[in-house]
Amino acid sequence: MKLSIGQAWDEAKGVFRADGKAIFAVALALTVLPGAILETISPSGLRSQEVPWWIALFGLISALLSLTSQIAISRIAIGYPATVGEVLALAFRRLPALFGALLLAILPFALMLTALGMSQGADLTPATVPPGLAGAVSLILLVGIFVLIRLLFLTPLAADRGGGPIALLKEAWQLSRGHFLKLLGLILIMALVAALLVWGLGSALSTVVLVALGPIAAGNVSAALVALIQQGLAAIVSVLFVVVVCRLYVQATGGGTVASVPHAGGD
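The numbering used here runs 10 ahead of the 1-based position in the sequence shown.
Following this line, the structure appears as structure tokens:
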């Protein structure tokens, strides 16, 4: 099955026209607000390496809620007729399978990097990779990126079908066969959009806040406003990416076009 990013983009615009309010309501509730709260009470730029356990726990919960949001948005973008409450209920049910699949995909590479770091008696970061290990670390990262791109259809699969983590991994790998360059191209396009919107516009707006209200400190107004700006802009990019990937998934599975996408409705 041939994939068309242009067609997926056009279909995504139709999805937003039909169900944009429901999609962004889900993103606001499960992605923007938890992320903004976390960044307000513990700004990432001010965190030390020793993060309190409750901050780490809140960060994990925030990440899981964001993943749930992606499943719910995917369900809407694929075209199932359902209320927001119904897609959220399904998303929470399918979260363990998707989380398990992602864990299985990422864990081998994380373990390899950890083993390399332990061999040097230190944690590996871009600034601390010894020259002798740079090639091995680069190879592990490149293979990891390749695998994650091949598994790009995991989220729409979790939203569309049942099955456990292994079944999701196998089917996502199969669906992306022959489409690596197309999916890589989409990621590069979205990275450019993110750079312009989040890093460009987000940095400019954050600077205005800092000039007007003063520097960021945990729990202050500057931290809250900057967090809302950054999380909101990042959510816009993330939602757009998820919807386009879902429309590519529909193409890969031989589904219909946006003309056949029913309205997802709302509670």
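Ideal Cβ placement from N, Cα and C applies to all residues, glycine included.
Item, Value
"Taking the CB atoms as reference points, tell me whether leucine 67 and leucine 105 lie closer together than 9 Å.", "no"
"Quick check on this structure: which residue in Val157, Leu126, Leu151 and Val97 has the alpha carbon closest to the alpha carbon of leucine 112?", "Val157"
"Take proline 44 and list the residues in its own chain whose beta-carbon comes closer than 6 Å to its own, dropping the five residues that flank it on each side.", "Ser72 and Leu75"
"Report yes if the C-beta distance between phenylalanine 119 and isoleucine 159 is below 9 Å; otherwise report no.", "no"
"Among the candidates Met200, Leu235, Leu196 and Ala201, whose CA atom is the shortest distance from the CA of alanine 214?", "Leu235"
"On the CB-based measure, 16 or more other CB atoms within 10 Å of its CB, does threonine 93 come out buried or exposed?", "exposed"
"Look up isoleucine 86 in the DSSP assignment and say whether it is helix, strand or coil.", "helix"
"Using 10 angstroms around the beta-carbon of aspartate 29, count the other beta-carbons present and answer buried if the total reaches 16, otherwise exposed.", "buried"
"Could you please give the first and the last residue of the uninterrupted alpha helix (DSSP H) stretch that includes glycine 224?", "Looking at the DSSP string, glycine 224 is not in any alpha helix (DSSP H), and its letter there is neither H nor E."
"Excluding five sequence neighbours on each side, which residues of the same chain lie with their C-beta closer than 7 Å to the C-beta of phenylalanine 251?", "Met200"
"Quick one: what does DSSP say proline 53 is sitting in, helix, strand or coil?", "coil"
"Does DSSP put threonine 263 in a helix, in a strand, or in coil?", "coil"
"Looking only at its chain, what residues have a beta carbon closer than 7 Å to the beta carbon of glutamate 181, apart from the 5 residues adjacent to it on each side?", "Leu167"
"Between the Cα of leucine 108 and the Cα atoms of Leu149, Leu121 and Asp170, which residue gives the shortest distance?", "Asp170"
"DSSP three-state label for valine 61, please.", "coil"
"Please state if the CB of serine 79 and the CB of alanine 305 are separated by a distance shorter than 9 Å.", "In this structure the chain extends from 11 to 277, so residue 305 is not present and cannot be described."
"Grab me the residues of isoleucine 86's own chain with a C-beta within less than 7 Å of its C-beta, minus the 5 sequence neighbours each way, in chain order.", "Asp29, Ala32, Ile33, Val97 and Ala274"
"If you drop the 5 nearest sequence neighbours on each side, which residues of the same chain put their C-beta closer than 6 Å to that of alanine 22?", "Val253, Val254 and Arg257"
"Could you work out which residue in Leu220, Gly172, Ile246 and Gly188 is closest to alanine 205 when comparing CA atoms only?", "Ile246"
"Output needed for glycine 174: all residues of its chain with C-beta closer than 6 Å, excluding positions within five of it in sequence on either side, in chain order.", "Ala107"
"Kindly indicate which residue of Arg187, Trp209, Ile226 and Val147 has the alpha-carbon position closest to the one of leucine 126.", "Val147"
"Among the residues of its own chain, which have a CB less than 6 Å from the CB of tyrosine 259, if the five just before and after it don't count?", "Phe163 and Pro166"
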